[in-house]
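Student: Structure provided below as structure tokens; questions to follow.
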Amino acid sequence: MKLEIESLIVVGLIIIAAILALEISFSPAIFEIIAGTIAANFFHMSDLKWAEFLANIGLLGLMFFAGLESDVELLRKNFLKALFIGLSSFLIPFVSVFVVTKFIFLYSLKASLLISIALSTTSLALVYPLLKDKNMLHLSSGQTLLAGAMVVDIVSMFSLSFLFEGINLENILFLLVLLIIMFILPKFGEKLFSRYKENHIEFPVRFIIAILIAIGFLSKEIHINEAVLAFALGIFFSEFLRENELLEKKLRAVIFGFVAPFFFFKAGYSIKLDVINMKIILLSIILGSIAFGTKYIATVIATKPFFKKTVYKIAGLFFNMRLTFGIVASVFGLEFKVIDINTYVSLLLIIISTSLIASILMKRMPSEITEEELEDFIL
């Protein structure tokens, strides 16, 4: 098949996925993964190098926005509650999944850790709009839940980085230097942006995307996970971009409207339907049930002292949205040969199905959480 025709098919499938997501009111990431699976199994395409490049930028952009939505001041104000909720929500499913994969399914130590991270994480990028939809973002309770999701994100990212790159003195020194540079970049960028503002070449957008691409190359040289670096860069730019809403909207349009869909498409493109058998289905059901159940129970127990019934039940569903980081961990595991294609397919089936189940159950909950339901929140 010619490259031009393949490109048209890929773009067409991604657009159809977006339309279906809007019509059915589910996360577009799920349909983009399905689109990638359809392309891989029914169109027999060659290696899509151009799409892979865009997918890598999409990954960095997603992690950048996850960091951008991490409010350090918010985390500081709600630190103890957020730490308790976040660690409970991450560690209980992590330990449960690890015990089952290591001692029952007899995976290697590294594979068990990878699977446990992928199934214990929470996507801050999904929790944020869900809280907004439930009219909770402006309330103290919503801010605490958001901060708890940040804790899960941060623990997940650093766990993933430690698993793949390890820790040594050289890496620590490089990381410190890079963090200092990233700390300075927003201030340096602000001066550049003020000098070249109101021009048709959109210099600020170019500058930030160029930095993200550079991080992708640098991470390989200094052996630090690129997702962690992009996440840290987003945190450093968060204050600046909160004061520049128009620039944030433009960046969001480029990342979520253009490159992020290619990341999810690539995740689905790696799924081969002919490998799905009863063993994979049973593995998905067992691990999915453990991941969903322990995540829900852990989050409910951790949030119950602070919220009324409706709210802590919804919190258990919010934190079961593991799409972005779960897929990132799974993709890394496959690329670095920590897990095989069977386990990768099983992980994606679990991540998609648990997110769908959480979405369906949330639709049965009240569309908004009232102030009265939050009156016994412990400040």
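Taking the working numbering, the leading residue of the sequence shown gets 98, the next gets one more, and so forth. By construction, the Cβ of each residue, glycine as well, lies at the ideal position given by its N, Cα and C atoms. Keep in mind that this is a model prediction, so the values were computed, not measured.
1) Is the beta carbon of ILE135 sitting closer than 8 Å to the one on LEU110?
2) Express the C-alpha separation of VAL425 and GLY534 in angstroms, rounding to a whole number.
3) How far does the alpha helix (DSSP H) with LYS346 in it extend, from its first residue to its last?
4) Could you check what DSSP says for THR218 in three-state terms: helix, strand or coil?
5) Under the rule that 16 or more other beta-carbon atoms within 10 Å means buried, what is ILE378, buried or exposed?
6) Applying the criterion that 16 or more other CB atoms from any shown protein chain within 10 Å of the CB defines a buried residue, is ILE116 buried or exposed?
7) Which word fits ASP473, buried or exposed, when buried means at least 16 other C-beta atoms lie within 10 angstroms of its C-beta?
8) Could you name the residues of the same chain whose beta carbon sits closer than 6 Å to that of PHE290, not counting the 5 residues immediately before and after it, in chain order?
9) Measuring straight from C-alpha to C-alpha, what distance separates SER367 and ARG292?
10) If we ignore side chains and look at the alpha-carbon of each, how far apart do PHE304 and LEU344 end up?
11) I'd like to know whether the C-beta atoms of ILE69 and LEU414 end up nearer to each other than 8 Å.
12) Give the C-beta separation of MET247 and LEU221 to the nearest angstrom, bearing in mind that I take them to be a contact with Cβ-Cβ under 8 Å.
13) In chain order, what residues of the same chain have a beta carbon less than 8 Å from the beta carbon of ARG349, not counting five sequence neighbours either side?
14) Roughly how many angstroms separate the alpha carbons of GLY239 and SER213, rounded to a whole number?
15) So GLU105 is in the alpha helix (DSSP H); what residue range does that whole segment cover?
16) Rounded to whole angstroms, what's the CA-CA distance from LYS369 to GLY158? Just pull it up for me.
17) Of the residues VAL351, LEU282, THR198 and ARG173, which one's Cα is nearest the Cα of LEU156?
18) Using a Cβ-Cβ cut-off of 7 Å (strictly less than) and excluding sequence neighbours within five positions of ARG173, which residues of its own chain qualify?
19) Straight-line CA distance for LYS392 to PHE429?
20) In three-state terms, what does DSSP make of LYS410?
21) Return the first residue and the last residue of the alpha helix (DSSP H) that MET160 is part of.
22) When burial is assigned at 16 or more other CB atoms within 10 Å of the CB, is ILE447 buried or exposed?
23) Can you check which of these residues, LEU216, HIS141 and ILE310, is closest to ILE154 by C-alpha distance?
24) Examine the ligand HEM and report whether any of its heavy atoms sits within less than 7 Å of the Cβ of VAL372.
25) Does the Cβ of ILE475 have 16 or more other Cβ atoms within 10 Å, making it buried, or fewer, making it exposed?
26) Can you tell me whether ASP371 is buried or exposed, with buried defined as 16 or more other CB within 10 angstroms of its CB?
27) Can the beta-carbon of VAL107 be found less than 8 Å from the beta-carbon of PHE355?
28) Return the chain-ordered list of same chain residues with a C-beta closer than 8 Å to the C-beta of VAL197, the five sequence neighbours on each side being excluded.
29) Just how far apart, CA to CA, sit SER122 and VAL274?
30) Starting from LEU446 and walking both ways along the alpha helix (DSSP H), at which residues does that stretch end?
31) PHE359 lies in the alpha helix (DSSP H); which residues open and close that run?
32) In its own chain, which residues sit with a C-beta less than 8 Å from the C-beta of LEU338, not counting the 5 before and 5 after it?
33) What do you get for GLU323, buried or exposed, if any count of 16 or more other CB atoms within 10 angstroms of its CB means buried?
Tutor: So, from the data block:
1) The count along the sequence shown starts at 1 and reaches residue 135 at position 38. The count along the sequence shown starts at 1 and reaches residue 110 at position 13. At a Cβ-Cβ threshold of 8 Å, ILE135 and LEU110 count as neighbours.
2) No answer is possible for residue 534: it lies beyond the span of the chain, which begins at 98 and ends at 476.
3) Residue numbering aside, residue 346 sits at position 249 when the sequence shown is read from its first letter. Start and end: 342-351.
4) Counted from its first residue, the sequence shown places residue 218 at position 121. Annotated three-state conformation of THR218 is coil, per DSSP.
5) Residue 378 sits at position 281 when you count from the first residue of the sequence shown. Residue environment analysis places ILE378 among the exposed positions, since fewer than 16 neighbouring C-beta atoms fall within 10 angstroms of its C-beta.
6) Position 19 of the sequence shown, counted from the start, is the residue given in the question as residue 116. Under this definition ILE116 is an exposed residue.
7) Counted from its first residue, the sequence shown places residue 473 at position 376. With a pLDDT of only 42 at ASP473, under 50, the local geometry of the prediction cannot be trusted, and the value read off the model is given with reservation. ASP473 comes out exposed.
8) In the sequence shown, counting from the first residue as 1, residue 290 sits at position 193. Excluding residues up to 5 positions away in sequence, PRO301 lie with their Cβ nearer than 6 Å to the Cβ of PHE290 in the same chain.
9) Residue numbering aside, residue 367 sits at position 270 when the sequence shown is read from its first letter. Residue numbering aside, residue 292 sits at position 195 when the sequence shown is read from its first letter. Answer to the nearest angstrom: the Cα atoms are 44 Å apart.
10) One-based indexing of the sequence shown puts residue 304 at position 207. One-based indexing of the sequence shown puts residue 344 at position 247. If you take the alpha carbons of PHE304 and LEU344, they lie about 11 Å apart.
11) Nothing in the structure corresponds to residue 69, since the chain is present only between 98 and 476.
12) For the purposes of this step, residue 247 is taken as residue 150 along the sequence shown, with counting starting at 1. For the purposes of this step, residue 221 is taken as residue 124 along the sequence shown, with counting starting at 1. For MET247 against LEU221, the beta-carbon gap comes to about 6 Å, under 8 Å, which counts as contact.
13) Here residue 349 corresponds to residue number 252 of the sequence shown, with the count starting at 1. Answer for ARG349: PHE162, listed in chain order.
14) The residue you call residue 239 lines up with position 142 of the sequence shown. The residue you call residue 213 lines up with position 116 of the sequence shown. About 27 Å.
15) Within the sequence shown, residue 105 is the residue found at index 8, counting from 1. This sequence places Leu at residue 105; Glu is not what is there. For LEU105, the enclosing alpha helix (DSSP H) starts and ends at 100-121.
16) Locating residue 369 in the sequence shown gives position 272, where the first residue counts as 1. Locating residue 158 in the sequence shown gives position 61, where the first residue counts as 1. C-alpha of LYS369 to C-alpha of GLY158: approximately 26 Å in a straight line.
17) Taking the first residue of the sequence shown as 1, we reach residue 156 at position 59. For LEU156, the closest alpha carbon among the candidates VAL351, LEU282, THR198 and ARG173 is that of VAL351.
18) As a position in the sequence shown, residue 173 is number 76, starting the count at 1. Within the same chain, ARG173 has no close Cβ partners at all.
19) By one-based count along the sequence shown, residue 392 stands at place 295. By one-based count along the sequence shown, residue 429 stands at place 332. C-alpha separation (whole angstroms): 22 Å.
20) By 1-based counting over the sequence shown, the position of residue 410 is 313. DSSP, read as helix, strand or coil, puts LYS410 in helix.
21) Indexing the sequence shown from 1 puts residue 160 at position 63. Segment 146-165, the alpha helix (DSSP H) holding MET160.
22) The sequence position of residue 447 within the sequence shown is 350, counting from 1. With 16 or more other Cβ atoms within 10 Å, it is buried.
23) Mapped onto the sequence shown, residue 154 falls at position 57. That would be ILE310, whose Cα lies nearest to the Cα of ILE154.
24) Absence of the ligand HEM is noted for the structure shown, with no ligands found whatsoever.
25) Here the question's residue 475 lines up with position 378 in the sequence shown. Legend: pLDDT at ILE475 = 43, less than 50; position of this residue unreliable, no value from coordinates given.
26) Here residue 371 is taken as the residue at index 274 of the sequence shown, counted from 1. Burial is judged here by how many other beta carbons sit within 10 angstroms of a residue's own beta carbon; ASP371 has fewer than 16 and is exposed.
27) Within the sequence shown, the letter at position 10 stands for residue 107. Within the sequence shown, the letter at position 258 stands for residue 355. For VAL107 and PHE355, no; Cβs fall outside 8 Å.
28) Taking the sequence shown and counting its residues from 1, the one referred to as residue 197 is at position 100. Excluding residues within five positions, the ones whose Cβ falls inside 8 Å are ILE383, LEU384 and ILE387.
29) As a working mapping, residue 122 is identified with position 25 in the sequence shown. As a working mapping, residue 274 is identified with position 177 in the sequence shown. Going by the C-alpha atoms only, they are around 43 Å apart.
30) If you number the sequence shown from 1, residue 446 lands on position 349. Run containing LEU446: 438-460, per the alpha helix (DSSP H) assignment.
31) Looking up residue 359 in the sequence shown gives position 262. Counting along the chain, the alpha helix (DSSP H) containing PHE359 begins and ends at 357-366.
32) The residue labelled residue 338 in the question sits at position 241 within the sequence shown. Here the set comprises LEU165, LEU344, GLU345 and LEU348.
33) Here residue 323 refers to the residue found at position 226 when the sequence shown is read from its first residue. Classification for GLU323: buried.
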